[in-house]
Amino acid sequence: MMSSSKVSTFLSARLNALRSYHQKQKNIWDIGCDHGLLGLSFRSEEEVESIHLVDPSAPVISELQKRLKDSYITKGKLFIHHEHGQKLIIETDSNCIFIAGMGGKEIGEIIIHLLPSLDSTSRIVISPHRKILELRALLGKLPLALVQEELVFEDGQFYQILCLMKGEGPRVHPYGRDIWKKEVGKHYRDHQMKHFGVHEDLASKGYMEYLADPKLLKST
Ligand SMILES: C[S@@+](CC[C@H](N)C(=O)[O-])C[C@H]1O[C@@H](n2cnc3c(N)ncnc32)[C@H](O)[C@@H]1O
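Those letters in the sequence shown? Residues 6 to 225, by this note's numbering.
As structure tokens, then:
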């Protein structure tokens with residue numbers, strides 16, 4: 006799913022995939038922004054009225070402030086927040102909220118915190134780096150519809166990307182449905198089976214059973 010915004014040649018495949026879920030929302034939130042590349046890639050988009058870079062790390066914020074001090078986008082459009090996502094206050098409508106490169110626990114906490122402030126014009130686009138099954142289980146219980154999910158392979162790593170909206174619609178599946186498609190999905194399944202196959206707990210066994218089902222790769 007590509008938005009009206011063009012692909013940025015300055016971004017990695019993972020960040021470009023995240024970016025592609027923006028659909029004309031006016032306010033961009035890059036939570037856990039670090040380098041800020043994702044949020045800043047929207048600076049030339051006319052429909053974007055505000056870009057918010059959020060990070061709790063003092064060195065990250067000071068580096069961004071130094072780097073962006075004389076930038077033309079600091080005038081009115083760009084906001085830098087020295088804050089945890091779990092404490093952030095956002096406006097209600099037309100938000101595209103990116104949360105990438107963090108653990109599933111933190112992403113879940115941030116989504117629970119932000120959900121009451123969101124309406125159905127906003128999107129949450131996430132890419133957790135750890136505790137993904139735990140996060141999926143939580144998301145499936147929240148009033149969130151899955152718009153789309155995909156898998157990106159970059160620099161030897163697999164990244165799940167999920168685009169969510171508040172409201173009715175298909176719920177997040179505990180293990181994922183569309184991420185197993187295509188060649189990259191097959192490789193991811195092999196990778197996950199190798200990783201989880203050595204675990205004896207019930208959750209890992211349930212996941213392994215799901216992955217071993219030949220129907221999983223049928224739609225490739
Ligand atoms: C690995 S970087 C990810 C940078 C970028 N989002 C990406 O995906 O390339 C993770 C960033 O998340 C920030 N972070 C950690 N916990 C956070 C929280 N609770 N709320 C917001 N940001 C957080 C860290 O300070 C760090 O800068």
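Here a beta-carbon is modelled for each residue, glycine too, at the ideal position from N, C-alpha and C.
Q: Please determine, among P133, S209, L156, the residue with the shortest C-alpha to C-alpha distance to I184.
A: In the sequence shown, counting from the first residue as 1, residue 184 sits at position 179. I184 has its Cα closest to that of L156, out of P133, S209, L156.
(Q) Quick check on A105: buried or exposed, where buried means 16 or more other Cβ atoms within 10 Å of its Cβ? (A) The residue given as residue 105 occupies position 100 in the sequence shown. Buried.
Q: Check whether the Cβ of D60 lies closer than 7 Å to any heavy atom of ligand 1, and answer yes or no.
A: Along the sequence shown, read from residue 1 onward, the residue named residue 60 stands at position 55. Checking every heavy atom of ligand 1 against the Cβ of D60, one is found closer than 7 Å.
Q: Kindly list the residues whose CB is nearer than 7 Å to the CB of E88, restricted to its own chain and excluding five residues on each side of it in sequence; keep chain order.
A: As a working note, residue 88 is residue 83 in the sequence shown. Take E88, set aside five residues on each side of it, and the residues of its chain with a beta-carbon closer than 7 Å to its own are V59, P61, in chain order.
Q: Give the DSSP-derived three-state secondary structure of K244 in the structure shown.
A: Past the boundaries of the shown model lies residue 244; the chain is included only from 6 to 225, so the question cannot be answered.
Q.
Please return the same chain residues whose Cβ sits closer than 7 Å to the Cβ of L140, not counting the five positions on each side in sequence.
A. Locating residue 140 in the sequence shown gives position 135, where the first residue counts as 1. If we look at L140 and ignore the five residues flanking it on each side, its Cβ neighbours are G109, I112, G113, P133.
Q | Where L207 falls, given that 16 or more other Cβ within 10 Å makes a residue buried | A | Taking the sequence shown and counting its residues from 1, one reaches residue 207 at position 202. It is exposed - the Cβ of L207 has fewer than 16 other Cβ atoms within 10 Å.
Q. Between the Cα of Y26 and the Cα atoms of L149, V177, M170, E96, which residue gives the shortest distance?
A. Here the question's residue 26 lines up with position 21 in the sequence shown. The shortest Cα separation from Y26 among L149, V177, M170, E96 belongs to M170.
Q: With distances taken Cα to Cα, identify the nearest neighbour of V177 among L144, Y212, G190.
A: For the purposes of this step, residue 177 is taken as residue 172 along the sequence shown, with counting starting at 1. Of L144, Y212, G190, the residue nearest in Cα terms is L144.
(Q) Suppose contacts are defined by Cβ-Cβ distances below 8 Å. Is R24 in contact with E159 by that definition? (A) In the sequence shown, counting from the first residue as 1, residue 24 sits at position 19. In the sequence shown, counting from the first residue as 1, residue 159 sits at position 154. No, they are not a contact pair.
**Q.** Outcome for F47 when other beta-carbon atoms lying within 10 angstroms are tallied against a minimum of 16
**A.** Taking the first residue of the sequence shown as position 1, residue 47 is located at position 42. Under this definition F47 is a buried residue.
Q) To the nearest angstrom, how far is it from the Cα of D98 to the Cα of K74? A) As a working note, residue 98 is residue 93 in the sequence shown. As a working note, residue 74 is residue 69 in the sequence shown. Those two C-alpha atoms are separated by around 28 Å.
Q.
Tell me which residues share the same chain as M7 and place their Cβ nearer than 8 Å to its Cβ, disregarding the 5 neighbours each side in the sequence.
A. Stepping through the sequence shown from its first residue, residue 7 is reached at position 2. Reliability of the predicted coordinates at M7 is poor, the pLDDT of 46 falling under 50, and the value obtained from them is presented with this limitation in mind. If we look at M7 and ignore the five residues flanking it on each side, its Cβ neighbours are S25.
(Q) Please give me, in chain order, every unbroken run of the beta strand (DSSP E) with length at least 3 that falls completely inside the segment 143-203. (A) 149-159, 162-171
Q: Give the C-beta separation of F84 and S55 to the nearest angstrom, bearing in mind that I take them to be a contact with Cβ-Cβ under 8 Å.
A: Here residue 84 refers to the residue found at position 79 of the sequence shown. Here residue 55 refers to the residue found at position 50 of the sequence shown. At roughly 6 Å, the Cβ-Cβ gap stays under 8 Å, so F84 and S55 are in contact.
**Q.** N-terminal and C-terminal residue of the alpha helix (DSSP H) that H118 is part of
**A.** Sequence index remark: in the sequence shown, residue 118 carries index 113 (1-based). 109-119 is the extent of the alpha helix (DSSP H) around H118.
Q. Got a sec, what are the start and stop residues for the alpha helix (DSSP H) S209 sits in?
A. As a working note, residue 209 is residue 204 in the sequence shown. Run containing S209: 207-217, per the alpha helix (DSSP H) assignment.
Q: Give the secondary structure of K220 by DSSP, where H, G and I count as helix, E and B as strand, and everything else as coil.
A: Locating residue 220 in the sequence shown gives position 215, where the first residue counts as 1. DSSP places K220 in helix when its eight states are reduced to three.
Q | Contact check, W34 vs I137, beta carbons under 8 Å | A | For the purposes of this step, residue 34 is taken as the residue at position 29 of the sequence shown. For the purposes of this step, residue 137 is taken as the residue at position 132 of the sequence shown. No.
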